[in-house]
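**Q** Protein chains in written order, with my numbering: chain X, 54 to 323; chain V, 54 to 323.
Beta carbons are placed, not taken as given, at the ideal position from N, Cα and C, and that holds for glycine.
(1) From which residue to which residue does the beta strand (DSSP E) around residue 109(X) run?
(2) Quick one, which residues of the region 232-258 of chain X are near chain V if we go by CB-CB under 8 Å, in chain order?
(3) DSSP three-state call for residue 91(X): helix, strand or coil?
(4) Taking CB distances under 9 Å as the criterion, tell me whether residue 164(V) reaches chain X.
(5) Going straight from the alpha carbon of residue 117(V) to that of residue 131(V), what length do you get?
(6) Quick one: what does DSSP say residue 135(X) is sitting in, helix, strand or coil?
(7) Could you check what DSSP says for residue 60(V) in three-state terms: helix, strand or coil?
(8) Pull out every residue of the region 201-234 of chain V whose Cβ sits closer than 8 Å to any Cβ of chain X, in chain order.
(9) For residue 198(X), which residues in chain V fall below 8 Å Cβ to Cβ?
(10) Go to residue 212(V), then tell me how far its alpha helix (DSSP H) extends in each direction, as first and last residue.
(11) Rounded to a whole number of angstroms, what is the C-alpha to C-alpha distance between residue 257(X) and residue 246(V)?
(12) Quick check on residue 310(X) - is its C-beta less than 9 Å from some C-beta in chain V?
(13) Could you tell me if residue 56(V) is buried or exposed, where buried requires 16 or more neighbouring beta carbons within 10 angstroms of its beta carbon?
(14) In this structure, how does DSSP classify residue 78(V) when only helix, strand and coil are distinguished?
(15) Residue ranges of each alpha helix (DSSP H) run of no fewer than 4 residues wholly in the region 217-285 of chain V, ordered along the chain?
(16) Give the straight-line distance between the Cα atoms of residue 237(V) and residue 79(X), rounded to the nearest whole angstrom.
(17) By the 10 Å Cβ neighbour count, where 16 or more other Cβ atoms means buried, how is residue 119(V) classified, buried or exposed?
(18) What residue from 314(V), 323(V), 304(V) has the CA that sits closest to residue 202(V)'s CA?
(19) Are the CB atoms of residue 308(V) and residue 250(X) within a distance shorter than 9 Å?
(20) Is it the case that the Cβ atoms of residue 188(X) and residue 161(X) are separated by a distance below 9 Å?
(21) Just checking: is the beta-carbon of residue 74(X) within a distance shorter than 9 Å of some beta-carbon in chain V?
(22) Are residue 261(X) and residue 314(X) close, meaning C-beta to C-beta below 9 Å?
(23) Determine the chain X residues that contact residue 156(V) at a beta-carbon separation under 8 Å, and present them in chain order.
(24) The region 296-310 of chain X: which residues have C-beta closer than 9 Å to a C-beta of chain V, in chain order?
(25) Measure the Cβ-Cβ separation of residue 269(X) and residue 77(X) and say whether it is below 9 Å.
(26) Please name the residue in 108(X), 97(X), 241(X), 200(X) whose C-alpha comes closest to that of residue 254(X).
(27) Return the chain-ordered list of same chain residues with a C-beta closer than 7 Å to the C-beta of residue 329(X), the five sequence neighbours on each side being excluded.
(28) Please state if the CB of residue 177(X) and the CB of residue 272(X) are separated by a distance shorter than 9 Å.
(29) Please classify residue 92(V): is it buried, with 16 or more other beta-carbons within 10 angstroms of its beta-carbon, or exposed?
(30) Taking residue 210(X) as the reference, give the member of 153(V), 198(V), 306(V), 190(V) with the closest Cα.
(31) CA-CA distance, residue 252(V) and residue 166(V)?
(32) So which of 139(V), 89(V), 289(V) has the shortest CA-CA distance to residue 111(V)?
(33) Tell me the DSSP secondary structure of residue 306(V) in three-state form.
(34) For residue 174(X), which three-state DSSP category applies?
(35) Going by the DSSP bridge assignment, what does residue 165(V) pair with across the sheet?
(36) Less than 9 Å separating the beta-carbons of residue 173(V) and residue 242(V)?
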């Protein structure tokens with residue numbers, strides 16, 4: 054079992070992404086299934102954490118998964134091969150200069166990608182070019198401003214803000230989930246529908262206590278510790294306190310809330 | 054039509070509560086229906102904003118609605134009479150010294166009440182005394198810490214914090230929603246299940262833009278203006294800016310999120 058996780062260029066991060074994917078698969082993917090033969094582009098597949106679920110739910114769709122990072126694409130291809138997926142073609146590509154002609158795809162799937170992009174509307178416009186009229190785009194993003202918990206903690210909120218600030222400095226937006234409706238509208242998609250997917254965790258849900266509070270969210274915040282200290286936006290002691298307080302919400306009287314947003318839009322006929 | 058709204062001791066507040074109730078009825082009440090003949094206590098009915106939906110969904114249950122304020126009870130009784138409800142008995146009573154014996158009720162319903170109480174666990178314990186073993190308690194509360202929006206605004210967040218601080222000074226907790234699970238557990242209820250009810254509003258939902266963003270949430274925050282200024286926790290100009298920014302989220306590219314929490318627990322057999 055362990056072998057499947059220890060390859061790749063950043064084993065700890067991969068473990069986190071795999072844990073996150075398995076906890077959240079049902080919540081995020083269960084209502085996305087593409088018809089047999091339909092041409093689907095997964096834009097920004099990363100190490101393939103979402104590709105497994107995407108391809109599993111649409112076993113007869115023809116999926117092309119691209120990412121700008123060659124090493125991520127290679128890792129994603131290995132993961133897909135190990136999972137026995139045969140309906141996904143992996144390819145290195147930049148969303149802003151896709152090697153596909155107009156109308157190349159019936160559907161586009163984008164998960165945890167816009168949060169990293171300085172110009173999300175431009176990305177959505179670039180994707181629209183390769184989508185056929187009447188085709189759909191599905192976008193899933195988190196929103197760190199949707200995180201709240203009990204016991205509440207100023208230090209924990211500041212630790213989360215470190216991640217938000219670092220992502221902003223890198224040109225991204227950790228709070229992009231709430232903006233999917235206006236972003237898709239601005240990029241000219243029609244019939245845009247957004248459905249929030251809230252993760253509510255209390256002690257009656259031990260799988261989510263472990264899989265989401267600890268291994269997904271707090272692990273992610275913990276992962277920016279060094280960068281936050283180096284950037285001078287966190288003090289070591291206070292950051293440690295924030296992480297401790299996030300883990301505290303995983304105890305028997307703790308509660309944790311986080312919301313993902315899933316949007317679907319149509320490319321209008323010209 | 055207007056006549057139904059302009060009586061009562063605080064017409065503007067009553068209008069807000071009635072608007073809020075009609076927008077949120079489906080979200081909060083649709084899964085609560087008590088069997089014919091069951092004895093139901095609505096604790097803290099206020100002016101009866103929730104009583105109409107409660108009694109409407111359980112037309113053959115025997116409902117007793119109490120509130121500590123005699124004028125609110127009188128107003129609730131008038132509202133119920135105008136709505137033609139015949140299965141509700143109204144009575145002035147204090148949750149902490151209820152005029153009912155043990156096992157007087159099969160079910161208890163508490164909506165937007167714990168947020169006002171300095172000792173919510175003690176209230177839940179007092180209610181448990183009049184509930185029969187095996188009976189249920191249903192608790193619904195909001196959580197102002199669950200409010201986030203686009204465009205984001207520091208002034209808007211500070212205006213919301215005025216309400217949170219004023220409620221805390223009055224002994225309440227405007228962020229109590231997230232705490233329902235631990236509160237019910239601490240009060241000795243069993244099989245506690247909490248389901249969040251998120252209100253997600255964008256321009257594709259004009260009814261909620263008007264009914265929730267403007268007439269419910271922002272109207273509520275606007276309503277604490279004078280108290281916040283008098284308490285010295287807000288500057289006039291900044292508060293006005295916050296309210297303007299909350300209304301801004303109701304425009305065509307705006308988004309607003311808020312979450313209510315609904316909990317159900319059982320009184321265990323002794």
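**A** Result, derived from the coordinates:
(1) Counting from one through the first chain, the residue named residue 109(X) turns up at place 56. Element bounds for residue 109(X): not the beta strand (DSSP E) but the alpha helix (DSSP H), 104-110.
(2) 232, 234, 235, 238, 239, 245, 246, 247, 248, 249, 251, 253, 255, 256, 257
(3) Numbered from 1 along the first chain, position 38 holds the residue referred to as residue 91(X). Residue 91(X) falls in the coil class under three-state DSSP.
(4) In the second chain, residue 164(V) corresponds to position 111, counting from 1. It does not; no Cβ of chain X falls within 9 Å.
(5) The sequence position of residue 117(V) within the second chain is 64, counting from 1. The sequence position of residue 131(V) within the second chain is 78, counting from 1. In a straight line, the C-alpha of residue 117(V) is about 15 Å away from that of residue 131(V).
(6) To locate residue 135(X), count along the first chain from 1; it is residue 82. Residue 135(X) falls in the helix class under three-state DSSP.
(7) In the second chain, residue 60(V) corresponds to position 7, counting from 1. With a pLDDT of only 33 at residue 60(V), under the threshold of 50, the placement of this residue in the model should not be trusted; the figure read from the coordinates follows. Three-state result, residue 60(V): coil.
(8) 201, 202, 203, 205, 228, 231, 232, 234
(9) For the purposes of this step, residue 198(X) is identified with residue 145 of the first chain, where counting begins at 1. The answer, in chain order, is 201, 205.
(10) By one-based count along the second chain, residue 212(V) stands at place 159. Here the alpha helix (DSSP H) through residue 212(V) covers 207-222.
(11) Here residue 257(X) corresponds to residue number 204 of the first chain, with the count starting at 1. Here residue 246(V) corresponds to residue number 193 of the second chain, with the count starting at 1. Near 8 Å, if we compare the C-alpha coordinates of residue 246(V) and residue 257(X).
(12) Walking along the first chain from the start, residue 310(X) turns up at place 257. Chain V contact via Cβ: present.
(13) Along the second chain, one-based indexing puts residue 56(V) at 3. Note on residue 56(V): pLDDT 34, under 50, position unreliable in the model; the coordinate value appears next. Result: exposed.
(14) Sequence index remark: in the second chain, residue 78(V) carries index 25 (1-based). DSSP places residue 78(V) in helix when its eight states are reduced to three.
(15) 233-239, 272-275, 278-283
(16) Here residue 237(V) is taken as the residue at index 184 of the second chain, counted from 1. Here residue 79(X) is taken as the residue at index 26 of the first chain, counted from 1. One C-alpha to the other measures close to 28 Å.
(17) As a first step, residue 119(V) is located in the second chain; it is residue number 66 there, counting from the start. Residue 119(V) should be labelled buried.
(18) Here residue 202(V) is taken as the residue at index 149 of the second chain, counted from 1. Among 314(V), 323(V), 304(V), the Cα nearest to that of residue 202(V) belongs to 304(V).
(19) As a position in the first chain, residue 250(X) is number 197, starting the count at 1. As a position in the second chain, residue 308(V) is number 255, starting the count at 1. No, the pair does not count as a contact, with Cβ atoms beyond the cut-off.
(20) Counting from 1 along the first chain, the entry for residue 188(X) is found at position 135. Counting from 1 along the first chain, the entry for residue 161(X) is found at position 108. Contact: yes.
(21) Here the question's residue 74(X) lines up with position 21 in the first chain. Because residue 74(X) carries a pLDDT of 49, less than 50, the predicted location of this residue cannot be relied on, and the following value inherits that uncertainty. Judged by the 9 Å Cβ criterion, residue 74(X) is not in contact with chain V.
(22) Within the first chain, residue 261(X) is the residue found at index 208, counting from 1. Within the first chain, residue 314(X) is the residue found at index 261, counting from 1. Contact: no.
(23) For the purposes of this step, residue 156(V) is taken as residue 103 along the second chain, with counting starting at 1. Simply none; closest approach about 27 Å.
(24) 305, 306, 307, 308, 309, 310
(25) Counting from 1 along the first chain, the entry for residue 269(X) is found at position 216. Counting from 1 along the first chain, the entry for residue 77(X) is found at position 24. The answer is yes: Cβ separation under 9 Å.
(26) Mapped onto the first chain, residue 254(X) falls at position 201. The shortest Cα separation from residue 254(X) among 108(X), 97(X), 241(X), 200(X) belongs to 200(X).
(27) Outside the shown range of chain X, which is 54 to 323, sits residue 329(X), and nothing can be said about it.
(28) Walking along the first chain from the start, residue 272(X) turns up at place 219. Walking along the first chain from the start, residue 177(X) turns up at place 124. Not a contact, by the Cβ cut-off of 9 Å.
(29) Along the second chain, read from residue 1 onward, the residue named residue 92(V) stands at position 39. Buried, by the Cβ-count rule.
(30) One-based indexing of the first chain puts residue 210(X) at position 157. The shortest Cα separation from residue 210(X) among 153(V), 198(V), 306(V), 190(V) belongs to 198(V).
(31) Here residue 252(V) refers to the residue found at position 199 of the second chain. Here residue 166(V) refers to the residue found at position 113 of the second chain. One C-alpha to the other measures close to 20 Å.
(32) In the second chain, residue 111(V) corresponds to position 58, counting from 1. It is 89(V) whose Cα lies nearest to the Cα of residue 111(V).
(33) The count along the second chain starts at 1 and reaches residue 306(V) at position 253. Coil.
(34) Residue mapping note: residue 174(X) aligns to position 121 of the first chain, counting from 1. It is helical.
(35) The residue given as residue 165(V) occupies position 112 in the second chain. None, per the DSSP bridge assignment.
(36) One-based indexing of the second chain puts residue 173(V) at position 120. One-based indexing of the second chain puts residue 242(V) at position 189. No, the Cβ-Cβ distance between residue 173(V) and residue 242(V) is not below 9 Å.
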